[in-house]
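Trainee:
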Amino acid sequence: MARFIYRMQSILDIKEKMEEQARMDFAAARMHLDEEEEKLQILNDRKAAYENKGRELRKDSLKVREILENREAITCMEEFIAFQMHQVELAEAHLEDARYKLQVARQESETQEKLKEKAFDVFMREENAREAKEVDELTSYTHGRK
């Protein structure tokens, strides 16, 4: 039996490498988004702590200077949070882009796999037809000699 050689194996290999690269890019984008969300959560926690401290300051005696510093800290945290929310949105957009590229790479890889399977089916049919022809010729030759 002849050996099956897929003519476009190099293309299939490239598509599989591209899919693997897209998978790694997607994982990196996911990790980046997780980091940005974690930073945002830390900022939100700090803001909540400042707000709690502000409530405590207003309950006790009036320490105007500390209350003003606390308000300033809360304002700064709000600015940091707004910036970090923008960073999270950018990371989400990057993740979506990576997801799309991964989807495209998967489709291309699957297409090449299907083409390889079809080529193998054609090869098997041709090989079976060739073997059947050889068997017929052998049978005819053997039957004709008798």
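Take the sequence shown: its letters are residues 864 to 1009, numbered as in our numbering.
Cβ coordinates follow ideal geometry from the N, Cα and C atoms, glycine included.
These figures come from a predicted structure and were not determined experimentally.
(1) In or out: Q975 buried (at least 16 other Cβ within 10 Å) or exposed?
(2) Between A945 and H895, is the Cβ-Cβ spacing less than 8 Å?
(3) Compare the Cα-Cα distances from Y963 to each of N915, I877, K979 and E882 and report the closest residue.
(4) Between K910 and E941, which are expected to be in contact by the criterion C-beta below 8 Å, what is the C-beta distance as a whole number of angstroms?
(5) By Cβ distance, which residues of its chain are closer than 8 Å to K926, with the 5 residues on each side in sequence left out?
(6) Extract the residue ranges of the beta strand (DSSP E) inside the region 894–970, only unbroken runs of 3 or more that lie entirely within it.
Mentor: Per the coordinate set shown:
(1) Of the other Cβ atoms in all chains shown, 16 or more fall within 10 Å of the Cβ of Q975; this residue is therefore buried.
(2) H895 sits away from A945, with the two beta carbons spaced by 8 Å or more.
(3) E882 is the residue among N915, I877, K979 and E882 whose C-alpha sits nearest the C-alpha of Y963.
(4) Contact flag correct, Cβ pair sits at about 7 Å.
(5) Taken in chain order, the residues that qualify are L920.
(6) DSSP assignment within the region 894–970 yields no whole beta strand (DSSP E) run of 3 residues or more.
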